[in-house]
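S.K.: First the structure, then my questions, so here it is.
Residue numbers (this note's numbering): 980 to 1286.
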């Protein structure tokens, strides 16, 4: 090997070598370029994917998957969660048609073992903020935006809770207060949301709190319910309202004795979708079976349908 002056021996493989020209060895090494950074999804792009929630009614599992991808399938910091909540509330003022499913699945995600507590806190923080600003929403943004917020508040009250118990007192009272500010009105959309809120308000008064106690201030709240019924009767005499509006107002008057048999008598003029809003089946939650263990849902497992 001492006779080889212009060659270098380089091992190549098992028990084998090969000669490499010194010219090759003398070529200066180039520093490798920077490795491309792992692609991170911009939060603005992630928020844009939520836009589908505000473009008209969707299937329930589509809503679930949109929220699931944002929160759990990609990196999601506490800051991202807050931006998501702000985005949802802001855009619900434009289109609240998926508010029931959004609130239903956010409630499921409140039960997430790691992110649930933060998500729940953010949700109620924004719900309170918009509730306090509801008068300004009606004056500055308009009656449609106000009605959409009432729809969102009603959905939060009804679905973002353990359905075995009455909602928080603040939500019960807030629901009726918001509904009363929708009327008097001859618009079918206003009358439907008003009626739904009053009917649910009457149902909540018959429910128990988690400690087993009845809803508080029952006498005062029942008096408020009677005032809402009185207002419904006054609007019923308006010759300009539709048959569907008349049906909704009739249900308000009969809200203390609504049964499935009674609801069937209102079909038509009320369609299946409208009547289902008043049935307990609307509280059921469809959930991918593989995702169940991610959440602590044992106390509400009776309303979960696996798919």
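Virtual Cβ for every residue (Gly too), placed ideally from N, Cα, C.
Remember, predicted model here, so these are calculated numbers, not experimental data.
If I follow the unbroken beta strand (DSSP E) through residue 1285, where does it start and stop?
M.R.: Counting along the chain, the beta strand (DSSP E) containing residue 1285 begins and ends at 1283-1285.
S.K.: Determine the direct distance from the alpha carbon of residue 1230 to that of residue 1169, and round the result to whole angstroms.
M.R.: Distance between the alpha carbons of residue 1169 and residue 1230 is about 15 Å.
S.K.: Under 8 Å, with one C-beta from each stretch per pair, do the region 1098-1111 and the region 1050-1067 reach the 3-pair mark?
M.R.: Verdict: yes, contact present.
S.K.: Secondary structure at residue 1122, three-state DSSP: helix, strand or coil?
M.R.: Residue state, collapsed to three classes: helix.
S.K.: Kindly list the residues whose CB is nearer than 6 Å to the CB of residue 1285, restricted to its own chain and excluding five residues on each side of it in sequence; keep chain order.
M.R.: These residues qualify, in order along the chain: 1268.
S.K.: Using the DSSP secondary-structure output, state which residues sit across from residue 1274 in a beta bridge.
M.R.: Bridge partners of residue 1274: 1091.
S.K.: Span of the alpha helix (DSSP H) holding residue 1212?
M.R.: Run containing residue 1212: 1197-1215, per the alpha helix (DSSP H) assignment.
S.K.: Could you say which of 1194, 1024, 1281 and 1271 lies nearest to residue 1092 if we only look at CA atoms?
M.R.: It is 1271.
S.K.: With distances taken from CA atoms, which of 1186, 1256 and 1089 is nearest residue 1060?
M.R.: Selected option, being the one with the closest Cα: 1089.
S.K.: What are the partner residues of residue 1264, as DSSP defines its beta bridges?
M.R.: For residue 1264, which the question treats as bridged, DSSP gives the partners 1283.
S.K.: Run through DSSP, which three-state label would residue 1187 get?
M.R.: DSSP places residue 1187 in strand when its eight states are reduced to three.
S.K.: Kindly indicate the opening and closing residues of the alpha helix (DSSP H) around residue 1156.
M.R.: Residues 1148-1159.
S.K.: Contact between the region 1241-1255 and the region 1186-1205 is defined here as three or more beta-carbon pairs at a separation below 8 Å; is this criterion met?
M.R.: Short answer: they don't touch.
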